[in-house]
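Worksheet: the structure to be examined is printed underneath.
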Amino acid sequence: MKNLLADYLDFPESTNLEESLDVIYTMEEEIKDLQVKFKISLTEDCNAPNADNVPMTVHKPKQKIPDLPLLEFSGKYEEYE
């Protein structure tokens, strides 16, 4: 907002800035109001539940994958090329 205000203030003296400045100040007030409303809605809607009141769910696998036999490395790189 300060950059916008500085840009408006760089105009020549003959330029009517009253309306533009009023718009900027109104926008600043609206932005501040929106920030407050946003913070309030975040605190109301995003309250994290306590660890005490959340039931713990343990998921057990329904199917088990069979074990795969692994090759043993004998130390001879030529066998694996």
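The working numbering puts the sequence shown at residues 15 to 95. We treat Cβ as the ideally placed atom computed from N, Cα and C, and that holds for glycine. Just so it is clear, the structure is predicted and the values come from calculations on it, not from any experiment.
- Under the three-state DSSP convention, the category M70 falls into: Correct three-state label for M70: coil.
- Query: Would DSSP call E86 helix, strand or coil?
  - Reply: When DSSP states are grouped into helix, strand and coil, E86 belongs to the coil group.
- Beta-carbon gap between I38 and L18 smaller than 8 Å: If you check the CB distance, I38 and L18 come in under 8 Å.
- Item | Length of the line joining the Cα atoms of D21 and P69 | Roughly 57 Å separates the two Cα atoms.
- Message: Whole angstroms are fine: how far does the CA of K76 sit from the CA of L85?
- Response: Inter-residue distance for L85 and K76 is about 28 Å (C-alpha atoms, whole angstroms).
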